[in-house]
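Protein chains in written order, with the numbering used here: chain A, 433 to 698; chain B, 1157 to 1448; chain C, 19 to 320.
Virtual Cβ for every residue (Gly too), placed ideally from N, Cα, C.
All of these numbers come straight from a predicted model, not from anything done at the bench.
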Amino acid sequence: MTLLELKDLSVDYGRVRVLAGLSLSLRAGQVVGVVGESGSGKTTLAKAVLRTVESTAGQVLVDGRDITRLRGAALRRWRRSGAVQYVFQDPLRSLDPGVRIADSIAEGLRIAHVPAAIARERVDAAVQAVGLDADLLPRLPSGLSGGQRQRAAIARALVVEPRLLVLDEPVSALDAASRDKVVQALIALRRGRGEQLGMLVISHDIGSLAAMSDRLVVLHRGRIVEDGLTQQVVAKPQHPYTRRLIQSVPVIDIRLPNRPAPLARS
Amino acid sequence: MTRSPRPSRGSWTVRLALVLVGTVALLAIAGPALAPIDPLAQDTGNLLQGSSSEHWLGTDYLGRDVLSRLLAGAPASLLSALAAALIGLVVGALPGALSAFIPRVGEWLALRVVDALLALPFILFAIVFAALLGNGLVQATTAIGLLIAPGFFRVSRAATLRVRDAQYVEAATLLGGSAWWVLGRHVWRQVAPTLVVASISALGSALLAVASLTFLGIGVQPPAPTWGGMLASDLGYLAQRPEGPLAPALAIIFTVGALNLLADAVRDRVGMVTAHARAARPPATRKESVHV
Amino acid sequence: MSDIDLVTPTAESGFADVTASPTGVTLNRSFDEGSVVRPAIAAVDRLVLTAADGTELVHGVSLAVRPGEALGVVGESGSGKTLTCRALLGILPSGVSVTGGSVRVDGREFTTASERDWRSVRGTRIGAVFQDPASYLNPAIPVGAQLAETLRVTAEVPRTKAKQRARELLDDLGIRRVDLVLRQRVAELSGGMLQRVLIAMALAANPAVLIADEATTALDVTVQAELLELLARLRRERGLALILVSHDLAVVAQVCERVLVFRDGRVVEGGATSRVLRAPGHPYTRSLLSAHAAYGLERFLR
Chain A
433 MTLLELKDLS
443 VDYGRVRVLA
453 GLSLSLRAGQ
463 VVGVVGESGS
473 GKTTLAKAVL
483 RTVESTAGQV
493 LVDGRDITRL
503 RGAALRRWRR
513 SGAVQYVFQD
523 PLRSLDPGVR
533 IADSIAEGLR
543 IAHVPAAIAR
553 ERVDAAVQAV
563 GLDADLLPRL
573 PSGLSGGQRQ
583 RAAIARALVV
593 EPRLLVLDEP
603 VSALDAASRD
613 KVVQALIALR
623 RGRGEQLGML
633 VISHDIGSLA
643 AMSDRLVVLH
653 RGRIVEDGLT
663 QQVVAKPQHP
673 YTRRLIQSVP
683 VIDIRLPNRP
693 APLARS
Chain B
1157 MTRSPRPSRG
1167 SWTVRLALVL
1177 VGTVALLAIA
1187 GPALAPIDPL
1197 AQDTGNLLQG
1207 SSSEHWLGTD
1217 YLGRDVLSRL
1227 LAGAPASLLS
1237 ALAAALIGLV
1247 VGALPGALSA
1257 FIPRVGEWLA
1267 LRVVDALLAL
1277 PFILFAIVFA
1287 ALLGNGLVQA
1297 TTAIGLLIAP
1307 GFFRVSRAAT
1317 LRVRDAQYVE
1327 AATLLGGSAW
1337 WVLGRHVWRQ
1347 VAPTLVVASI
1357 SALGSALLAV
1367 ASLTFLGIGV
1377 QPPAPTWGGM
1387 LASDLGYLAQ
1397 RPEGPLAPAL
1407 AIIFTVGALN
1417 LLADAVRDRV
1427 GMVTAHARAA
1437 RPPATRKESV
1447 HV
Chain C
19 MSDIDLVTPT
29 AESGFADVTA
39 SPTGVTLNRS
49 FDEGSVVRPA
59 IAAVDRLVLT
69 AADGTELVHG
79 VSLAVRPGEA
89 LGVVGESGSG
99 KTLTCRALLG
109 ILPSGVSVTG
119 GSVRVDGREF
129 TTASERDWRS
139 VRGTRIGAVF
149 QDPASYLNPA
159 IPVGAQLAET
169 LRVTAEVPRT
179 KAKQRARELL
189 DDLGIRRVDL
199 VLRQRVAELS
209 GGMLQRVLIA
219 MALAANPAVL
229 IADEATTALD
239 VTVQAELLEL
249 LARLRRERGL
259 ALILVSHDLA
269 VVAQVCERVL
279 VFRDGRVVEG
289 GATSRVLRAP
299 GHPYTRSLLS
309 AHAAYGLERF
319 LR
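Set out below in structure tokens:
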């Protein structure tokens, strides 16, 4: 069942066409990684799916419903329904520093006037799903590590029981240890929620994307140049840009076939 | 390595300022009750006397006890300063915060109105106000309040703007929160400390303004004592009693000074909190060109 | 001490025996083949750096770079790798000082060198580029003018020739449309281009070694690959020595024949890159390798 479908989506900023005719589909239970470098339009893609930016042409269908023309109160209603949720790159900025973690996580439920008892249950479930220690709930964001904060941000997105989770550079602002924790949390989440949740992960880092995603979509200058299973895209890239991208990633194992030798004399 | 924020003047300053301001507040409430002698009673045999066992601070040109007049005049001056500051806060702060959320045109208009009010010379405005609406303390207070309001508008707006563009506000919006939700949940928390500091400063300015107006005779209803009024009349008898103006002058200076000290101390405290919050943020890493 | 001593570095030749000493851990001295005939351009020997409040930040680190070689320095932030490089340039942050060991340039003692002494080697013997290129340039002036200024000051190129020389330098780095780039300001150029300009500025006076401290970290991976290729070419064509500092072991593995692994202000492992990757001695190095195995692309490419 198609959860998200982009049909010929185009977004212009003034006279610049940032996204050009994107077509992409994602089913419930899938994790799709969108890899793009600077200027590829990946952030705009996230914004288009979240409706924080107006698209110029094409459609964004969530559960079959075109959300591109939603406005005002209708848009807020759609947001409160929690079909699509978003996780920002930097949890230090995306969490209110003066609000306790428990309250931040529950925010979406309070906005939607969910009764306190049910809210409590959902918060506990989400916190468990991301592997966050319940002892951390009464703390302020400054009392948590980077990885814990990001997991709290993911929990905040999860409590409204979204069908689609959009993550924009979820691990880029974190150090290596935190990155690992968050990736593991997302993989566990995927296993736990399985068919109910779809994830769209956007990043410049192919390595962490490949660890989490079933499919890889390569974005270059506002266009999708490759879309396929992770293993295929990395091992047998078709498009010249994808090939260049894969070959640019530094490797340690020099015995790999079809890789240019490292630049060092060894 | 982050540098620690500038050390505050110490929490003893806050305590000292609170004690001083507390004393003044007490006087504002209980002043007249504490007056040893009826402030209106004229001791015609003892005009313009220096301090004595009966009149601790001496007498004025009508033989009235200065200390009693000071204490009796406290509420008038202090409470009207408080009223003016409150008027300013209410009229200025909420519109200021809301102005960050209204569309461009409305925003522009609001800012121009505020600019116009800020440009008005305050004493002139007060005089015109009094001429139009009557020469009473209420009118004078309202005039001062209206002229303080733009300051609150600006402070409130600036603080709100900083928060409006924060990512956690965007996050709340994505969760379906309306502008009111964002205001109450996120903006208020960040703006309140700044408003507290602004209010304390405004109190000091308002008191000075009330004293100036009553000095000029606006808003004063003789023979009721006000500090500014006492100062004015004492200056008229400098030759006979040079130390006369000292009492009301010092009362004004003491109070305004205490309020400013309190405002500074609270500002330091608030500053330290925000500095710590800023230090907790990792340094921004600049990525390639503009993020699209 | 003569140069020959320096040339038998303590940390690079393999993780043999470890001996604890008052200044920290020292690794056994062992001979590094071919090292006898090439004196180090820049080196630190058992360097100890201390902060203003007395905390020791770097505990006895030894590092040497010889002409034409590429030395990699791997470590997380806080490991002391950047401070050590700054010591090699005489630009330690205020409050941090050398409290042990020595710093040498061309065999000359530079541990307590004056600013004037450092100026004589900065740019002319040792050049450097760092992480955020935009913050090292004036945003209001075209980059060409800043490059020309560096040429005049550091390389003592006369004013009339500076512009032409700037053009040549950028051309050498493989930049097309050089004249256009020279006219641009910081905001109009990409990170990769800015870093190339900074590399040009660092190499303006033909130093023997270039220190690149996380120079590619904030850049896209394709741009990083281009810059690493550029650095390799500069090594081949000019015999430029390189100290490449990164938190990414794979980046260092691409370019450097020798690598030092830093952790908490110490060198925990060092030696030939192929040996360190194949048979890591220290648990920390092993953890870096397994982290790479989890997030690198190798597992898809086998």
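N-terminal and C-terminal residue of the alpha helix (DSSP H) that residue i is part of
i                      : result
residue 634 (chain A)  : That residue, residue 634 (chain A), is in no alpha helix (DSSP H); its beta strand (DSSP E) goes 630-635.
residue 73 (chain C)   : Per DSSP, residue 73 (chain C) belongs to no alpha helix (DSSP H) and is neither H nor E.
residue 161 (chain C)  : 161-172
residue 197 (chain C)  : 196-201
residue 1289 (chain B) : 1278-1289
residue 439 (chain A)  : Element bounds for residue 439 (chain A): not the alpha helix (DSSP H) but the beta strand (DSSP E), 434-445.
residue 272 (chain C)  : 267-273
Helix, strand or coil at residue i according to DSSP, with G and I counted as helix
i                      : result
residue 593 (chain A)  : coil
residue 233 (chain C)  : coil
residue 90 (chain C)   : strand
residue 189 (chain C)  : helix
residue 472 (chain A)  : coil
residue 287 (chain C)  : strand
residue 1361 (chain B) : helix
residue 6 (chain C)    : A question about residue 6 (chain C) goes unanswered here, because the residues of chain C that appear run from 19 up to 320.
residue 675 (chain A)  : helix
residue 238 (chain C)  : coil
residue 658 (chain A)  : strand
residue 63 (chain C)   : strand
residue 217 (chain C)  : helix
residue 300 (chain C)  : coil
Residue i: CB within 7 Å of a non-hydrogen atom of the ligand GDP
i                     : result
residue 298 (chain C) : With respect to small molecules bound, the structure shown includes none, and the ligand GDP cannot be examined in it.
Cβ shell of residue i (< 7 Å), same chain only, five flanking positions each side left out
i                     : result
residue 218 (chain C) : 165, 187, 188 and 191
residue 463 (chain A) : 622, 631, 633, 644, 645 and 646
Alpha-carbon spacing of residue i relative to residue j, whole angstroms
i                      : j                      : result
residue 1376 (chain B) : residue 1255 (chain B) : 37 Å
residue 100 (chain C)  : residue 231 (chain C)  : 7 Å
residue 115 (chain C)  : residue 67 (chain C)   : 6 Å
residue 310 (chain C)  : residue 267 (chain C)  : 8 Å
residue 65 (chain C)   : residue 286 (chain C)  : 14 Å
residue 87 (chain C)   : residue 79 (chain C)   : 19 Å
residue 493 (chain A)  : residue 467 (chain A)  : 21 Å
residue 202 (chain C)  : residue 1308 (chain B) : 43 Å
residue 42 (chain C)   : residue 153 (chain C)  : Its pLDDT being 41, under 50, residue 42 (chain C) is placed unreliably in this model, and the coordinates cannot settle the point.
residue 1106 (chain B) : residue 1184 (chain B) : Because chain B here runs from 1157 to 1448, residue 1106 (chain B) falls outside it and cannot be looked at.
residue 1411 (chain B) : residue 1173 (chain B) : 10 Å
residue 1221 (chain B) : residue 1209 (chain B) : 12 Å
residue 544 (chain A)  : residue 551 (chain A)  : 10 Å
residue 1192 (chain B) : residue 1224 (chain B) : 6 Å
residue 528 (chain A)  : residue 577 (chain A)  : 15 Å
residue 454 (chain A)  : residue 516 (chain A)  : 19 Å
residue 614 (chain A)  : residue 1340 (chain B) : 31 Å
Other residues of its chain near residue i: CB distance less than 8 Å, five sequence neighbours each side excluded
i                      : result
residue 207 (chain C)  : 161, 199 and 215
residue 1321 (chain B) : none
residue 1239 (chain B) : 1297 and 1301
residue 524 (chain A)  : 573, 578, 581 and 605
Same chain only: Cβ atoms within 6 Å of residue i, ignoring 5 sequence neighbours per side
i                      : result
residue 1163 (chain B) : For residue 1163 (chain B), the predicted structure reports a pLDDT of 48, less than 50, and the residue's modelled location is therefore unreliable. A value from the coordinates is still provided. Taken in chain order, the list of residues that qualify is empty.
residue 1343 (chain B) : 1316 and 1319
residue 1357 (chain B) : 1419
residue 485 (chain A)  : 479
Span of the beta strand (DSSP E) around residue i
i                     : result
residue 486 (chain A) : Careful: residue 486 (chain A) lies outside any beta strand (DSSP E) and carries neither H nor E.
residue 457 (chain A) : 448-459
residue 14 (chain C)  : An answer regarding residue 14 (chain C) cannot be provided, because it is not within the stretch 19 to 320 covered by chain C.
residue 145 (chain C) : 144-147
- prompt: Can you give, in chain order, each stretch of the beta strand (DSSP E) that sits fully within the stretch 528-607 of chain A and has at least 3 residues?
  reply: 596-600
- request: Tell me the start and end of each unbroken alpha helix (DSSP H) in the stretch 1189-1263 of chain B that is at least 4 residues and wholly inside, in chain order.
  value: 1222-1254
query: Which runs of the alpha helix (DSSP H) spanning at least 4 residues fall entirely within the stretch 1363-1402 of chain B, listed in chain order?
result: With a minimum length of 4 residues, the continuous alpha helix (DSSP H) runs that stay inside the stretch 1363-1402 of chain B are 1383-1392.
task: May I have a chain-ordered list of the alpha helix (DSSP H) segments no shorter than 4 residues that lie completely inside the stretch 1298-1325 of chain B?
output: none
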